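Asker:
Laid out in structure tokens, this is it:
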């Protein structure tokens, strides 16, 4: 992805317990498939967070979630191992960080594309990213 | 009306999906979402941080708002498959507030997913807090 930084490839899974907790927190009925927005949990992985903060460094700002997109080719299943590949880039005017993720199955077949846009909003120093 | 006719009319352009309220979102609900999603940003739990950001109370996670779309759409059409969901967060929703989710089919044709416009309004019923789009297969 042009102009993007590779944040890495991550083995990810939504266990039954994790999926159940997510369902309880969002009101989604538990099923064999993961809730639609469940992959946000994977974007909270420490290496991904660190990469986002690196991209946002130098800004006296907080990262504010501006928009989110999930485009599924196939549903994701509970307790199934997937690979999440993540790229991110910083854009100016408006100042923001854009994260692109692709989830593939064990055979390398694409299941889901994720786009997360985080706007950098000026904030007091103690809140800055 | 037969179930088939009812189902087809629900997926016709212009069909309005009944609105539904979610919340009020308590601090406990926000904490449960933080735990389940891994998003433990203290802005969502620390009132003093929220105050320094100019907010009367901590904002709930935008993704907790977006997470309401799936139960909303499945209450409307339990067997629907949501293949795409995208949303833009316009205003924060604060702990203690409720939201109202509404939707409308804006595009429908045989053989392709129907396109739905989804709107989330705040407690006063006027302020748009999130605007989203979903692609739904019958």
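Residue numbers (our numbering), protein chains in the order written: chain A, 1 to 129; chain B, 1001 to 1138. Beta carbons: idealized from backbone N, C-alpha and C, even for Gly. Keep in mind it's a predicted model, so treat the numbers as computed, not measured.
#1: With residue 1069 (chain B) as the anchor, note down where its alpha helix (DSSP H) starts and where it stops.
#2: Can a CB atom of chain A be found closer than 9 Å to the CB of residue 1070 (chain B)?
#3: Along the alpha helix (DSSP H) that carries residue 18 (chain A), what are the first and last residues, could you check?
#4: For the beta strand (DSSP E) containing residue 1033 (chain B), name the first residue and the last one.
#5: Got a sec? Which residues, its chain only, sit under 6 Å from residue 1001 (chain B) by beta carbon, not counting five neighbours each side?
#6: Kindly list, in the order they appear in chain A, the residues whose Cβ is closer than 7 Å to that of residue 1089 (chain B).
#7: For a test of the three-state rule: what should DSSP assign to residue 65 (chain A), helix, strand or coil?
#8: For residue 54 (chain A) and residue 1087 (chain B), what's the separation of their Cα atoms in angstroms?
#9: Which word fits residue 1080 (chain B), buried or exposed, when buried means at least 16 other C-beta atoms lie within 10 angstroms of its C-beta?
#10: Let me know the secondary structure DSSP gives residue 1062 (chain B) once reduced to three states.
#11: If you compare alpha carbons, which of A:16, A:65, A:79 is closest to residue 99 (chain A)?
#12: Measure how close the beta-carbons of residue 97 (chain A) and residue 19 (chain A) come, nearest whole angstrom, since I'm counting them as under 8 Å.
#13: Identify which residue in B:1040, B:1044, B:1016 has its Cα closest to the Cα of residue 44 (chain A).
#14: Tell me the DSSP bridge mates of residue 1021 (chain B)?
#15: Of the residues B:1105, B:1123, B:1050, B:1045, which one's Cα is nearest the Cα of residue 1132 (chain B)?
#16: For the alpha helix (DSSP H) that contains residue 8 (chain A), what are its first and last residues?
#17: From which residue to which residue does the alpha helix (DSSP H) around residue 51 (chain A) run?
#18: Under the three-state reduction of DSSP, which class applies to residue 90 (chain A): helix, strand or coil?
#19: For residue 1116 (chain B) versus residue 1073 (chain B), is the C-beta distance shorter than 9 Å?
#20: How many angstroms separate the CA atom of residue 1026 (chain B) from the CA atom of residue 1092 (chain B)?
#21: Going by Cα to Cα distance, which pick from B:1118, B:1050, B:1095 is closest to residue 1024 (chain B)?
#22: Would DSSP call residue 1045 (chain B) helix, strand or coil?
#23: Using 9 Å as the limit for Cβ to Cβ distance, is residue 1037 (chain B) near chain A?
#24: How would you write the range of the alpha helix (DSSP H) that residue 43 (chain A) sits in, first residue to last?
#25: Within 10 Å of its beta-carbon, does residue 1099 (chain B) have 16 or more other beta-carbons around it, so buried, or fewer, so exposed?
#26: Would the region 69-87 of chain A and the region 17-37 of chain A be scored as touching if the rule is three or more Cβ pairs under 8 Å?
Answerer: So, from the data block:
#1: Segment 1069-1076, the alpha helix (DSSP H) holding residue 1069 (chain B).
#2: yes
#3: 16-26
#4: Unbroken run through residue 1033 (chain B) is the alpha helix (DSSP H), 1027-1037; no beta strand (DSSP E).
#5: Per-residue confidence for residue 1001 (chain B) stands at a pLDDT of 47, beneath the threshold of 50, marking its modelled position as unreliable; no derived number is given.
#6: The CB of residue 1089 (chain B) comes closer than 7 Å to the CB of 65, 66, 67 in chain A, given here in chain order.
#7: strand
#8: 25 Å
#9: So residue 1080 (chain B) ends up on the buried side.
#10: helix
#11: A:65
#12: No, residue 97 (chain A) and residue 19 (chain A) are not in contact; Cβ-Cβ is about 28 Å, not under 8 Å.
#13: B:1040
#14: B:1100
#15: Ranking B:1105, B:1123, B:1050, B:1045 by CA distance to the CA of residue 1132 (chain B) puts B:1105 first.
#16: Segment 5-12 is the beta strand (DSSP E) holding residue 8 (chain A); no alpha helix (DSSP H) there.
#17: 46-56
#18: strand
#19: yes
#20: Cα to Cα, the separation comes out at about 15 Å.
#21: Minimum Cα distance to residue 1024 (chain B) is reached at B:1095.
#22: Residue 1045 (chain B) sits in coil when the DSSP states are folded into three classes, being neither helix nor strand.
#23: yes
#24: Residue 43 (chain A) -> alpha helix (DSSP H) spans 40-43.
#25: Taking a 10 Å sphere around the C-beta of residue 1099 (chain B), we find 16 or more other C-beta atoms and assign the residue as buried.
#26: yes
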